[in-house]
Amino acid sequence: MRGIKGLVWEGSVLDPIEGIRFRGRTIPDIQKELPKGPGGSEPLPEALFWLLLTGEVPSEAQTKALSEELAARSGLPKHVEELIDRSPSHLHPMAQFSIAVTALESESQFAKAYAKGVNKTEYWKYTYEDSIDLLAKLPNIAARIYRNVFHDGKLPAVDPKLDYGANLANLLGFGENSEFVELMRLYLTIHSDHEGGNVSAHTTHLVGSALSSPFLSLAAGLNGLAGPLHGRANQEVLEWLFKMREELNGDYSKENIEKYLWETLNAGRVVPGYGHAVLRKTDPRYTAQREFALKHMPDYELFKLVSNIYEVAPGVLTKHGKTKNPWPNVDSHSGVLLQYYGLTEESFYTVLFGVSRAFGVLPQLILDRGLGMSIERPKSFSTEKYIEMVKNIKA
Numbered sequence: 000m001r002g003i004k005g006l007v008w009e010g011s012v013l014d015p016i017e018g019i020r021f022r023g024r025t026i027p028d029i030q031k032e033l034p035k036g037p038g039g040s041e042p043l044p045e046a047l048f049w050l051l052l053t054g055e056v057p058s059e060a061q062t063k064a065l066s067e068e069l070a071a072r073s074g075l076p077k078h079v080e081e082l083i084d085r086s087p088s089h090l091h092p093m094a095q096f097s098i099a100v101t102a103l104e105s106e107s108q109f110a111k112a113y114a115k116g117v118n119k120t121e122y123w124k125y126t127y128e129d130s131i132d133l134l135a136k137l138p139n140i141a142a143r144i145y146r147n148v149f150h151d152g153k154l155p156a157v158d159p160k161l162d163y164g165a166n167l168a169n170l171l172g173f174g175e176n177s178e179f180v181e182l183m184r185l186y187l188t189i190h191s192d193h194e195g196g197n198v199s200a201h202t203t204h205l206v207g208s209a210l211s212s213p214f215l216s217l218a219a220g221l222n223g224l225a226g227p228l229h230g231r232a233n234q235e236v237l238e239w240l241f242k243m244r245e246e247l248n249g250d251y252s253k254e255n256i257e258k259y260l261w262e263t264l265n266a267g268r269v270v271p272g273y274g275h276a277v278l279r280k281t282d283p284r285y286t287a288q289r290e291f292a293l294k295h296m297p298d299y300e301l302f303k304l305v306s307n308i309y310e311v312a313p314g315v316l317t318k319h320g321k322t323k324n325p326w327p328n329v330d331s332h333s334g335v336l337l338q339y340y341g342l343t344e345e346s347f348y349t350v351l352f353g354v355s356r357a358f359g360v361l362p363q364l365i366l367d368r369g370l371g372m373s374i375e376r377p378k379s380f381s382t383e384k385y386i387e388m389v390k391n392i393k394a
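Throughout the sequence shown, residue numbering follows numbering that gives the first Met the number 0, covering 0 to 394 in sequence.
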């Protein structure tokens, strides 16, 4: 169903040339217009949530109030904490993430209101409350999984004075690094929304159309995001970069990189991090991360490798002739930034993607209920029936 027009999604539209627009604004626009954290230059993701939901840029005061509300609602029920703590360390972080979000269904105001027969014109209010609760609790869930699987399990408390990205960075153990805090703000913002047709966004919308709560809907979307064709791409890019780094042995000349790229393509493999189903230019999310790297880590070895690939790969892919878009996408860069600051556990990266994606899909769920959108139920046919229909057309 790629490219078939059949969904309504208010938050973002993907232009093949300009890339993603959030409520009509490009990434450079939101970097300029949205409120920033104290002393920071990157937009706050909670400000983007406001923009996606209302279509308006929030003031500094409105953003601060939302940050404080999210911090105030961030606590986890005891049974969810225990569920995460009892999960085996070999269970993939994304599976743990989905389980924990599903378990929050016990707190759903929407589910309770629906059971009491609330008028459908009020659905959006309870969906909003659930969405704010869920968004608030995601950093605690993500960090608890990270600390349990990769560290000692000890977790600091959410700081009510910090913004969302700063609290997430602190919970993960990187709060004292102001650059990492800025990275979290940028990462959460640019990964949040990418139209409604991708697997995680569409799944969240689809499950929500059955009047499942935001907790159940997002959990379903997270399971879609966990698939290797959707949310695992940045991990695959890193694996490819590590292999290239080893084989090139530090010589990242354009000649060596070009040779390696041709070897990859001639072996029937793809160049990970390049190409996009819609975009026909460099992904502006890649550009935003590249500019961040140029500012904060210009001499980092992996960034230099990524940067040199950027200068060579489009020409090679164009000459190869089998790639509609020879330019880099967002996944080509995000893992490198996390590696630089010491968050090296690649299996956790999709969890961060999931936290970010909540900022895009939850506003649409609220709008879906406010607009009274019906359950999604497309028509299907068997293969035999389709063949019969084609034969009838030819006849």
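Cβ atoms here follow ideal geometry from the backbone N, Cα and C, with glycine treated the same way.
Bear in mind that the values here come from a model prediction, so they are computed numbers and not experimental data.
DSSP three-state assignment for residue i, whether helix, strand or coil
i, result
"residue 20", "strand"
"residue 390", "helix"
"residue 312", "helix"
"residue 156", "coil"
"residue 117", "coil"
"residue 279", "coil"
"residue 27", "helix"
"residue 321", "coil"
"residue 373", "coil"
"residue 7", "coil"
"residue 56", "coil"
"residue 401", "Only positions 0 to 394 of the chain appear in the structure, and residue 401 is not among them; the question remains open."
"residue 380", "coil"
"residue 105", "helix"
"residue 344", "coil"
"residue 306", "helix"
"residue 333", "helix"
Residue range of the alpha helix (DSSP H) that includes residue i
i, result
"residue 11", "Taken as a continuous stretch (DSSP letters only), residue 11 belongs to no alpha helix (DSSP H), being part of the beta strand (DSSP E) at 11-14."
"residue 355", "348-369"
"residue 222", "213-224"
"residue 284", "283-295"
"residue 263", "253-265"
"residue 183", "177-189"
"residue 101", "92-102"
"residue 243", "232-247"
"residue 299", "Run containing residue 299: none; DSSP gives neither H nor E here."
"residue 203", "198-208"
"residue 126", "122-149"
"residue 78", "77-85"
"residue 66", "59-71"
"residue 340", "That residue, residue 340, is in no alpha helix (DSSP H); it is neither H nor E in DSSP."
"residue 164", "163-171"
Bridge partners - residue i, DSSP secondary structure assignment
i, result
"residue 273", "327"
"residue 42", "35"
Residue i, buried or exposed, once every other Cβ within 10 Å from all chains shown has been counted against 16
i, result
"residue 53", "exposed"
"residue 380", "exposed"
"residue 203", "buried"
"residue 193", "buried"
"residue 45", "buried"
"residue 90", "exposed"
"residue 393", "exposed"
"residue 382", "exposed"
"residue 265", "exposed"
"residue 293", "exposed"
"residue 153", "exposed"
"residue 377", "exposed"
"residue 29", "buried"
"residue 19", "buried"
"residue 246", "exposed"
"residue 357", "buried"
"residue 150", "exposed"
"residue 181", "buried"
"residue 26", "buried"
"residue 55", "exposed"
The ligand SAH heavy atom lying under 8 Å from the CB of residue i
i, result
"residue 115", "As far as ligands go, the structure on display features none, and thus does not contain the ligand SAH."
(message) When you compare the region 257-269 with the region 228-236, are there three or more beta-carbon pairs, one atom per stretch, that lie closer than 8 Å?
(response) No, the region 257-269 is not in contact with the region 228-236.
(request) Report yes or no: do the region 232-242 and the region 104-114 share at least 3 C-beta pairs separated by less than 8 Å? (result) In short, these stretches do not touch, since the Cβ pair count stays below three.
(message) For the pair the region 362-375 and the region 204-213, tell me if three or more CB-CB distances fall below 8 Å.
(response) Look at the beta carbons and you see the region 362-375 touching the region 204-213: at least three pairs across the two are nearer than 8 Å.
(message) Any contact between the region 144-160 and the region 79-97? By contact I mean 3 or more CB pairs, one from each, below 8 Å.
(response) With the cut-off at 8 Å, the region 144-160 and the region 79-97 touch.
(message) For the region 182-197 against the region 277-295, do three or more pairs of beta-carbon atoms, one drawn from each stretch, fall closer than 8 Å, so that the two count as touching?
(response) Yes, since at least three Cβ pairs between the region 182-197 and the region 277-295 fall closer than 8 Å, the two stretches touch.
(message) Count Cβ pairs between the region 128-141 and the region 72-79 that sit closer than 8 Å; are there 3 or more?
(response) Verdict: yes, contact present.
(request) Decide if the region 30-37 is in contact with the region 338-352; the criterion is three or more beta carbon pairs, one per stretch, under 8 Å apart. (result) As far as the Cβ criterion goes, the region 30-37 does not touch the region 338-352, which means the pair count is below three.
(message) Between the region 243-259 and the region 125-136, can you find at least three pairs of beta-carbon atoms closer than 8 Å?
(response) Contact between the region 125-136 and the region 243-259 is absent, because fewer than three Cβ pairs lie under 8 Å.
(message) Taking 8 Å as the cut-off, does the region 295-309 touch the region 330-340 (at least 3 CB pairs, one atom from each stretch)?
(response) Touching, yes, given that three or more Cβ pairs across the two stretches are closer than 8 Å.
(message) Below 8 Å, how does it come out for the region 322-331 and the region 161-178: are there three or more Cβ pairs, yes or no?
(response) The region 322-331 vs the region 161-178: no contact.
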